[in-house]
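Residue numbers for the sequence shown follow my numbering, beginning at 766 and rising by one.
Backbone N, C-alpha and C fix where the C-beta goes; we use that ideal spot for every residue, glycine too.
What follows is a set of notes on a single structure, which appears directly below.
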Amino acid sequence: MRFQKTSVVDFPIGAVSDFHRNPKILKELTPPLAPVYFHRIEPLNEGSIV
């Protein structure tokens, strides 16, 4: 099974790219009670697998 999602964001590509490359964003967006564990926090790059 493979999940794929596409969204259109009305912001400059640089701002969107900076947002997604920030390794702290995922922690900030994750609900406090979600069973998510961060083993490594690295910036996303083109071709990153998450």
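| Check | Outcome |
| --- | --- |
| Test item: CB-CB of P777 and P808 under 8 Å | no |
| Span separating the alpha-carbon of K770 from that of E811 | 16 Å |
| Check whether V774 and V781 have beta carbons under 8 Å apart | yes |
| Secondary structure of R786, DSSP reduced to three states | helix |
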